[in-house]
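Worksheet for the structure shown next.
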Amino acid sequence: MGAELTLPALLQLGLRITSSRDLDQARWLVRQAGVDAVRKATHELASRHMPRPQRVILYLGLERRTTPRPDLPHAAAAQAHTRNRQLGWYGEAASAGR
118 MGAELTLPAL LQLGLRITSS RDLDQARWLV RQAGVDAVRK ATHELASRHM PRPQRVILYL
178 GLERRTTPRP DLPHAAAAQA HTRNRQLGWY GEAASAGR
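This is the structure:
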């Protein structure tokens, strides 16, 4: 398999891909663990359904960072957005001293 794995190639490994996030996780998983380890893990985890990539990542004991890195330029904007969303409409007035 090449450096950029296609969806049919990933489905042959036994992974259940239903979203772009699953596809991204599956590609990361194959780069980290290798094709053979992923195929073996999916075979061991499969019951009625193929396992999702996140389940295989946990089974193999790998850790994938899901939060944005703090050194990325948009991280501060994302944190400010989250903070403002948590404060709500009245939080801004309370923080301004009104």
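FYI, in my numbering the residues of the sequence shown are 118 to 215. Cβ coordinates follow ideal geometry from the N, Cα and C atoms, glycine included.
Run of the alpha helix (DSSP H) containing residue i, from where it starts to where it stops
i    : result
A126 : L124 to L128
R148 : S137 to A150
R172 : P170 to Y176
Whether residue i touches residue j by CB criterion (8 Å)
i    : j    : result
M167 : R133 : yes
L122 : T159 : no
Separation of residue j from residue i, as counted between CA atoms
i    : j    : result
V173 : L124 : 17 Å
L127 : S137 : 13 Å
R181 : A194 : 22 Å
D141 : H198 : 25 Å
G205 : Q196 : 14 Å
DSSP-derived helix/strand/coil call for residue i
i    : result
E180 : coil
L204 : helix
H160 : helix
Given residue i as reference, the closest of the options once Cα atoms are compared
i    : options                   : result
G178 : A143, A150, D141 and A193 : A150
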